[in-house]
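One structure below.
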Amino acid sequence: MKPQVIIIGRPNVGKSTLFNRLVGKKLALVDDQPGVTRDRRMGDAELANLQFTIVDTAGWEDEDPDTLPGRMRAQTEVSLEGADVALFVVDARNGLTPLDEEIGRWLRSQSVPVVLVANKAEGKQGEAGIFEAYSLGFGEPVPLSAEHGEGVADLFDALYPII
Ligand code: GDP
Ligand code: MG
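In structure tokens form, the structure reads like this:
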């Protein structure tokens with residue numbers, strides 16, 4: 023069975039864009055409006071000679087994030103069962119939010135290895151966000167532009183030792 027890589031992060035950070043980039047097709051809906059990915063989507067991904075199953079999620083989008091039941095349901099929906107590694111995606115352009123920190127805490131309570139991805143890192147505007155992402159405590163973030171296809175080699179380097 024192929025290794026499974028699950029994409030986790032708050033709404034609008036570019037999870038579905040990254041999913042599409044890794045699958046090489048537009049299987050997931052990308053939108054400026056948070057909440058467009060209604061269910062988990064899986065696809066076959068290839069990164070150089072790495073082949074894996076990639077899972078797009080929207081667990082922090084479907085419910086009012088300010089209510090405890092909403093959060094609990096959301097977290098259940100992004101169950102990491104079967105995942106070999108989680109790509110924790112943050113937005114280098116718009117900075118960290120309390121939800122990023124909450125997702126980070128949740129991921130830390132799980133046993134899956136985490137690769138932190140600072141997406142939207144293209145250009146000058148991404149630089150501060152890449153630096154800020156260190157504070158989440160998952161080590162060096164992989165700077166990426168899912169939209170422009172930049173940083174994919176670094177993502178390979180981060181995934182290769184794990185899967
Ligand atoms: P999701 O909610 O996390 O799945 O995010 P989406 O993939 O739907 O993307 C949300 C928005 O961010 C869309 O407008 C994308 O075009 C945009 N986006 C995604 N990746 C990048 C990137 O690398 N750079 C920039 N500037 N925008 C991006
Ligand atoms: Mg999405």
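Count along the sequence shown from 1, add 22, and you get the number used in our numbering.
No residue lacks a Cβ here, since even glycine has one placed at the ideal position from N, Cα and C.
Residue i, buried or exposed, once every other Cβ within 10 Å from all chains shown has been counted against 16
i           : result
residue 165 : buried
residue 150 : exposed
residue 26  : buried
residue 122 : buried
Contact test: residue i Cβ vs the ligand MG heavy atom, cutoff 7 Å
i          : result
residue 37 : yes
residue 80 : yes
The ligand GDP heavy atom lying under 7 Å from the CB of residue i
i           : result
residue 34  : yes
residue 146 : no
residue 63  : no
residue 116 : no
residue 207 : Residue 207 is absent from the structure shown; the chain starts at 23 and stops at 185.
residue 52  : yes
Residue i, DSSP secondary structure in three states
i           : result
residue 152 : helix
residue 91  : helix
residue 38  : helix
residue 43  : helix
residue 122 : helix
residue 178 : helix
6 Å CB neighbourhood of residue i in its chain, flanking five on each side removed
i           : result
residue 176 : 164
residue 146 : none
residue 168 : 36, 39, 40, 43, 141
residue 52  : 38, 39
Beta-carbon separation (whole angstroms), residue i vs residue j, contact threshold 8 Å
i          : j           : result
residue 36 : residue 142 : 6 Å
residue 81 : residue 112 : Not a contact, Cβ separation roughly 16 Å.
Close-in-space but distant-in-sequence residues of the same chain around residue i (CB under 7 Å, 5 per side omitted)
i           : result
residue 154 : 117, 118
residue 24  : 73, 74, 75
residue 47  : none
Nonlocal neighbours in the same chain, by C-beta distance under 8 Å from residue i, ignoring five residues either side
i           : result
residue 126 : 110, 158, 159, 160
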